[in-house]
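Notes to accompany the following structure.
Protein chains: 4
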Amino acid sequence: MGDTPAIGVGMLGYGFMAKAHANAYKTLAYMTWPPPLRPELVAIAGRDEPAVAEAARRYGFADHVTDWRALIGDDRIGLFDNSGPNSLHAEPTIAAAQAGKHVICEKPLGRDAAESYETWQRVQATGVKHMCAFNYRFVPAVRLAREIVASGELGEIHHFRARYLQEWGATDAALWRFDKAAAGSGALGDLAAHVVDLARYLVGEIEAVSALTATFQPGREVDDAVEAAVAFEGGAVGTIEASRFATGRKNALSWEINGAKGSIAFDLERLNELEVYGAGPPSPRSEGFRTVLVTEADHPFWEHWWPAGHIIGWEHTFVHELHHLLTAIRQDGDVAPHGATLEDGYRAAEVCDAMLRSAEEGAREGVTYRGRG
Amino acid sequence: MGDTPAIGVGMLGYGFMAKAHANAYKTLAYMTWPPPLRPELVAIAGRDEPAVAEAARRYGFADHVTDWRALIGDDRIGLFDNSGPNSLHAEPTIAAAQAGKHVICEKPLGRDAAESYETWQRVQATGVKHMCAFNYRFVPAVRLAREIVASGELGEIHHFRARYLQEWGATDAALWRFDKAAAGSGALGDLAAHVVDLARYLVGEIEAVSALTATFQPGREVDDAVEAAVAFEGGAVGTIEASRFATGRKNALSWEINGAKGSIAFDLERLNELEVYGAGPPSPRSEGFRTVLVTEADHPFWEHWWPAGHIIGWEHTFVHELHHLLTAIRQDGDVAPHGATLEDGYRAAEVCDAMLRSAEEGAREGVTYRGRG
Amino acid sequence: MGDTPAIGVGMLGYGFMAKAHANAYKTLAYMTWPPPLRPELVAIAGRDEPAVAEAARRYGFADHVTDWRALIGDDRIGLFDNSGPNSLHAEPTIAAAQAGKHVICEKPLGRDAAESYETWQRVQATGVKHMCAFNYRFVPAVRLAREIVASGELGEIHHFRARYLQEWGATDAALWRFDKAAAGSGALGDLAAHVVDLARYLVGEIEAVSALTATFQPGREVDDAVEAAVAFEGGAVGTIEASRFATGRKNALSWEINGAKGSIAFDLERLNELEVYGAGPPSPRSEGFRTVLVTEADHPFWEHWWPAGHIIGWEHTFVHELHHLLTAIRQDGDVAPHGATLEDGYRAAEVCDAMLRSAEEGAREGVTYRGRG
Amino acid sequence: MGDTPAIGVGMLGYGFMAKAHANAYKTLAYMTWPPPLRPELVAIAGRDEPAVAEAARRYGFADHVTDWRALIGDDRIGLFDNSGPNSLHAEPTIAAAQAGKHVICEKPLGRDAAESYETWQRVQATGVKHMCAFNYRFVPAVRLAREIVASGELGEIHHFRARYLQEWGATDAALWRFDKAAAGSGALGDLAAHVVDLARYLVGEIEAVSALTATFQPGREVDDAVEAAVAFEGGAVGTIEASRFATGRKNALSWEINGAKGSIAFDLERLNELEVYGAGPPSPRSEGFRTVLVTEADHPFWEHWWPAGHIIGWEHTFVHELHHLLTAIRQDGDVAPHGATLEDGYRAAEVCDAMLRSAEEGAREGVTYRGRG
């Protein structure tokens with residue numbers, strides 16, 4: 002690694018997402034060997050000085066600051082990692098890009114499509130590499146699914162149905178995630194946005210949505226659940242759901258794709274597995290959904306890990322994601338199509354906005370992407 | 002059984018459903034012991050004489066006829082069993098009731114809500130017992146689910162999501178199920194109607210729907226798939242889907258209910274199991290979805306069957322259903338709430354019609370039940 | 002069915018097994034169409050007159066008797082069905098055969114290998130068709146497994162491991178199954194015998210066993226559990242277990258076979274499914290255990306039943322089994338290899354005896370079959 | 002972490018296990034916060050200089066050496082981590098302990114019980130902390146299982162059955178794992194040893210074994226599979242199996258415990274889940290195996306990780322294991338009972354040796370532990 006150039010990382014935020022990103026930078030430095038670039042943790046920003054100082058000590062950032070603007074002016078920093086709350090996505094991300102730093106921003110990119118579009122446009126104009134942290138694209142089973150769909154093995158796609166279910170919504174806690182000004186929306190931006198990104202990544206653009214939202218907790222500003230029927234440009238139809246009120250479901254992002262010749266299904270709580278039904282077994286009499294344990298040496302990302310059957314966890318998706326971004330930076334290559342760019346972040350927001358409009362107006366809403374050629 | 006009174010059965014149809022009903026009459030006579038009434042298979046009607054004669058020999062009907070009207074005038078018949086195609090549901094069922102015969106009619110009750118309403122109203126006016134054959138209410142696990150919901154153990158219900166997926170739709174065969182005049186609709190009336198009935202049985206009335214339909218097979222008159230977001234009167238929201246184009250899914254009716262205190266999930270292909278998540282295990286640290294094998298002596302309908310773990314099949318739902326109907330006839334009791342009446346058949350049709358309207362007009366549609374007090 | 006000849010059935014026993022057999026005779030008469038022979042339920046024998054009279058009324062036997070010898074002398078009876086307790090297997094079965102009746106006898110054939118051998122030898126000498134009711138050979142998924150193994154698709158077989166687990170053993174009830182004189186053994190003859198038969202049917206003859214037994218219930222005469230390491234003549238090794246003390250396991254007969262090129266696994270509580278791992282999918286990257294829903298038209302026995310995905314239950318195995326026996330009788334064909342003969346009943350007993358000897362003596366025991374060419 | 006004392010780590014080996022241990026040292030330094038001790042990677046030893054130099058660069062060891070003896074004499078090293086092949090377990094581990102270093106040694110501790118006993122005895126005499134790296138004790142679900150058993154919630158334990166199945170054995174590669182001198186045994190020491198340790202950890206001491214072994218690959222010196230019936234001192238009985246010839250099974254360590262009042266089951270390929278059946282749900286009618294997703298804040302080890310449902314992987318067991326060891330060192334506390342000591346390493350070897358003797362001699366073998374009070 003003596004030959005591997007370094008890249009300085011400046012991080013905004015020190016909470017849940019920051020922990021996941023910091024772990025990924027540290028892990029990829031030796032697990033993906035040799036790494037594309039050697040991350041140096043330069044500085045971390047947060048408003049609570051004792052807390053951000055502790056985070057710096059914990060994860061090994063050289064410095065800590067209480068104003069994110071200090072990161073923008075820090076020449077040691079080549080990559081700005083925005084792991085802060087939704088309301089701090091746009092301005093710092095744009096500023097960092099305009100200062101010439103590559104950027105990765107947590108999802109949802111903005112609190113609505115307009116803010117997301119603005120962020121994408123202004124960052125794109127700078128020419129830096131940019132990524133929206135839709136980390137579930139980097140589950141090995143999801144990448145494998147993408148490859149299977151792309152191969153044509155499933156035939157024409159007829160259905161995509163997905164749900165992202167959690168159970169912790171029934172609480173009186175005053176979290177920023179329940180604050181409309183800070184979060185933009187509730188289960189929609191937090192959970193459904195992930196599903197929308199996977200829908201786009203796996204099946205293609207969504208053309209129209211018919212949605213309902215529900216808020217179960219009295220006094221809450223944002224949606225607790227969203228339910229939508231969706232139609233894709235390619236002809237597929239399906240449903241997308243997200244809820245924070247699905248008792249017993251911890252982090253249950255599951256989806257199924259049905260094509261004319263085969264089907265695939267996935268469940269994030271068993272993320273090392275992919276269910277595949279398709280043409281080809283020795284005898285049609287023994288056809289059935291195959292539980293593929295996506296842990297073989299020739300499976301996506303497995304060159305970095307362990308022998309077959311030695312499963313990985315949720316946090317590993319960030320290792321793959323940041324490895325992908327550093328590779329694009331090092332090679333001056335494209336983040337797309339496997340990494341989500343800020344354009345993908347914007348497009349997911351456009352679909353989420355259409356769901357909100359549909360829910361409010363009781364009508365099917367078309368999805369129109371701004372800036373589409 | 003010498004003491005058990007007999008009831009004469011006249012059946013319309015000799016296909017798939019007729020086989021299931023005939024088997025149920027014959028089986029309940031000794032498996033539910035003593036049976037509420039002793040079914041005597043009097044006559045079976047169908048237009049193809051050699052085929053209906055063969056069916057009579059096979060299932061032990063004393064006579065066979067080629068005009069269903071002959072059943073109406075047959076005084077030996079006390080129960081008219083309509084297992085014919087959708088277009089032959091209304092007129093024969095009404096005629097039989099008006100002739101004083103109890104009636105059971107296969108689902109969907111009519112080809113649309115209007116026809117279903119007419120059938121229900123005219124049959125109800127006669128005072129006979131009437132049932133719409135939504136047999137999935139008679140899966141032991143479904144009845145157990147209903148009891149769990151009714152007990153309040155799950156708390157307020159937030160979500161119902163269900164799908165009924167089959168895979169055989171990509172065919173050029175000219176089946177009556179693809180003929181709009183004969184069937185009324187496609188996956189909607191055939192599959193989604195079952196889901197709608199279960200939604201109503203388990204969670205309550207549906208208030209509004211936002212739906213899409215799709216027809217994948219070129220030239221087909223009816224829908225191949227329907228996708229809907231739904232809202233219930235009680236405040237729950239969710240999705241309902243049905244498709245004949247879900248490759249690899251054979252008869253996959255699955256649903257999940259999330260309540261404030263617990264959840265239940267079901268899959269018809271594993272119909273002896275119910276997944277239950279709820280308050281109460283010894284330690285919250287070992288809480289999780291329980292796979293309840295619904296085969297114990299104190300489970301619904303199990304007094305008729307086998308020791309625990311000796312599972313039953315799909316056809317047994319008809320044994321339970323007809324046992325329920327014969328009990329209501331014998332005791333002059335109510336078919337509702339556990340049996341679906343023709344009113345339930347009508348209400349399911351009203352929801353299905355709302356889905357069609359929503360799909361056509363691109364707007365959320367309210368569900369208004371005619372004849373509601 | 003007017004053309005189908007009848008066969009008179011005389012049954013010994015009116016309990017659990019008799020219910021299963023009676024249901025099967027009645028069901029096969031119309032579900033397997035046309036049936037190979039038309040079963041006429043002539044007479045049923047049991048010592049408790051009111052109970053056996055009730056059973057006759059319930060299942061439709063023309064007569065009932067309190068001494069099984071009356072069945073032997075009844076010329077209307079062409080098939081003697083022994084569904085009585087283990088201690089009444091040998092003498093009545095031999096007597097019936099010597100009276101020229103075909104015989105089916107519940108498992109285990111005898112209380113030990115000597116009794117089983119004697120029964121087999123004396124019945125075989127009469128030339129009648131004979132069957133030992135190892136009904137799990139007639140699960141569609143088990144027959145499919147046999148066909149897959151026989152096809153060579155799995156390659157050389159390395160492992161067979163199986164367990165039959167129930168949970169009801171901790172009881173003070175004085176059942177005949179706990180009485181050594183009546184039952185011969187406990188979990189061994191009741192449960193392990195089924196596993197041994199499947200091992201032989203699927204993999205081949207067992208050569209040696211190293212076993213332990215345990216009796217957990219104080220004062221019980223028979224084994225509550227048996228644990229064995231086993232070696233097959235063909236080179237495979239594995240384990241066989243059976244217990245009545247496996248809390249939470251209702252009727253959990255599960256097994257797995259590993260071959261050089263593939264594997265199969267089965268669980269009786271999900272008897273419509275077979276797990277298959279094997280060469281051939283389109284891409285090795287999507288290889289995995291396939292959950293085959295064994296309910297297609299071209300699956301074993303499915304010509305008698307329903308469309309794909311409409312599952313059958315435990316009791317259906319008896320329909321297939323008796324259909325197989327009646328076919329052999331009608332066509333003067335062989336019961337073997339798919340049906341278990343009394344020789345198979347004897348051989349299973351020989352393996353079970355070896356397990357008992359091994360458990361008692363603390364040594365590996367070879368299995369030697371008497372009368373082997 | 003400024004206040005946390007450091008401990009110097011010297012590692013023997015740079016292969017698969019070394020990668021897992023190195024990752025764990027690096028990860029625990031920030032994921033378990035504050036860590037009990039701050040690991041400093043001082044030096045790594047291996048015979049292939051370029052390879053070990055690369056490993057040092059990759060994982061951040063300050064130095065590398067080609068003779069493990071250099072580690073023994075290095076005063077900076079407080080913990081000797083033996084991740085080398087089996088034949089290099091005894092001598093270096095003993096030497097390190099005698100030099101006053103704490104030791105952790107990969108399993109199996111020795112190539113047979115005698116070597117393992119010697120290692121344990123000589124290390125124990127030095128007074129250092131010692132651990133045998135049976136990492137599966139540190140799966141959260143396994144620890145939870147131990148707590149459930151210890152609580153008495155399952156009642157008296159009747160059964161333990163376990164299998165560790167892999168599929169890669171059919172190879173001509175000349176691995177040290179196939180070399181009797183280097184490895185001692187095959188699937189036995191590699192896989193079955195893990196199972197034996199879990200059996201002892203969860204249920205208690207094994208009293209007797211009846212075993213078979215098989216070698217399927219022509220010319221191979223060591224066993225490819227072992228099959229055993231086992232009896233525990235506490236009265237439970239069961240089976241233990243291990244194989245490298247279980248086609249389709251990648252890293253399938255699964256076990257089930259049945260007690261008088263409940264049962265637990267586990268599968269390493271879904272290591273975030275524990276199946277629990279036990280007394281206590283709201284209604285006996287909804288009793289069933291609960292799939293507990295062992296990812297809650299109050300589950301074992303989860304204070305270090307993520308929100309519920311965000312699963313961890315195989316490698317995390319090493320983080321927990323080394324965290325446990327460092328805590329014992331820092332606090333001068335006991336490694337036992339949750340960590341395996343070298344005594345546990347020895348005892349597992351004693352059981353494995355008994356299996357080999359049983360397989361060779363065809364007799365049940367008692368297990369006698371040397372040095373037992």
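Chains as they are written, first to last, in the working numbering: chain Y, 2 to 374; chain Z, 2 to 374; chain L, 2 to 374; chain D, 2 to 374.
The beta carbon of each residue, even a glycine, is placed where N, CA and C say it ideally should be.
- Ranking R291/L, T292/L, G289/L, P308/L by CA distance to the CA of A298/L puts P308/L first.
- In this structure, G235/L and V204/L form a Cβ contact; the two beta carbons are roughly 7 Å apart against a cut-off of 8 Å.
- Proximity of chain D to I45/Y at the Cβ level (cut-off 9 Å) is not reached, the minimal Cβ distance being about 13 Å.
- Fewer than three beta-carbon pairs drawn from the segment 255-275 of chain D and the segment 9-29 of chain D are found closer than 8 Å, and the two stretches are therefore not classed as touching.
- Across the segment 40-72 of chain Z, no CB contact with chain D closer than 9 Å is found for any residue.
- With contacts defined as CB atoms closer than 8 Å, A25/D and V320/D qualify as a contacting pair.
- Using a Cβ-Cβ cut-off of 8 Å, N24/Z is close to T28, Y31, M32 of chain L, given in chain order.
- Nearest CB-CB separation between T292/L and chain Y: below the 8 Å threshold.
- Annotation for I241/D: A163, A193, V196, V197, A200, A229, V231 place their beta carbon closer than 7 Å to its own, counting only its chain and skipping 5 residues before and after.
- Approximately 5 Å separates the beta-carbon atoms of E366/Y and R358/Y; this is inside 8 Å, confirming the contact.
- Taken through DSSP and simplified to helix, strand or coil, E257/Z comes out as strand.
- Ranked by how close their Cα comes to the Cα of P35/Y, the residues K181/Y, E270/Y, R331/Y, V368/Y have R331/Y in first place.
- Shortest Cα-Cα distance from R48/D to any of P37/D, Y31/D, P86/D involves P86/D.
- Put simply, of A115/D, P141/D, Y60/D, R371/D the residue whose alpha carbon is nearest the alpha carbon of L269/D is P141/D.
- Separation of the CB atoms of N259/Z and I313/Z is rounded to 28 Å, and the pair is thereby denied contact status at 8 Å.
- Within the same chain, A229, V231, A355, M356, S359, E366 come within 6 Å of V210/Y by CB-CB distance, once the 5 residues on both sides are set aside.
- In terms of beta-carbon proximity, I149/Y lines the interface with chain L, with at least one pair separated by less than 8 Å.
- With 16 or more other Cβ atoms from the protein chains shown falling within 10 Å of its own Cβ, A97/D counts as buried.
- With its beta carbon at least 8 Å from every one in chain D, R245/Y lies outside the interface.
- Contact between the segment 38-48 of chain Z and the segment 338-345 of chain Z is not established, with fewer than three Cβ pairs separated by less than 8 Å.
- When C-beta atoms of the segment 213-226 of chain D are compared with those of the segment 244-254 of chain D, three or more pairs fall below 8 Å, so the two segments count as touching.
- Exposed is the label assigned to K181/Z, since fewer than 16 other Cβ atoms lie within 10 Å of its Cβ.
- For secondary structure counted as the beta strand (DSSP E) over 3 or more consecutive residues, the segment 120-151 of chain Y holds these complete runs in sequence order: 131-133.
- Residue pairing by DSSP places Y165/D opposite A243/D, L254/D in a beta bridge.
- In this structure, the beta-carbon distance from G185/Y to P109/Y falls below 8 Å.
- Beta-bridge partners of D268/L (DSSP): S255/L.
- Under the three-state reduction of DSSP output, I313/D falls in the coil class, being neither helix nor strand.
- In the structure shown, I95/L adopts helical secondary structure according to DSSP, grouped into three states.
- By the neighbour-count definition (other C-beta atoms within 10 Å, threshold 16), D75/Z is a buried residue.
- Chain Y has a Cβ within less than 8 Å of the Cβ of S287/L.
- In the three-state reduction of the DSSP assignment, T292/Z falls in the strand class, which pools E and B.
- Here DSSP, grouped into helix, strand and coil, assigns L155/Y to coil.
- Along the segment 37-120 of chain Z, the alpha helix (DSSP H) occurs as fully enclosed runs of 4 or more residues at 50-60, 70-73, 91-99, listed in sequence order.
- Residues of the segment 215-242 of chain D that bring their beta carbon within less than 7 Å of a beta carbon in chain L comprise A215, F217, A226, E228, A229, A230, A232, V238, G239, T240, E242, in sequence order.
- If only complete runs of 3 or more residues are kept, the segment 170-220 of chain Z shows the beta strand (DSSP E) at 207-215, in order along the chain.
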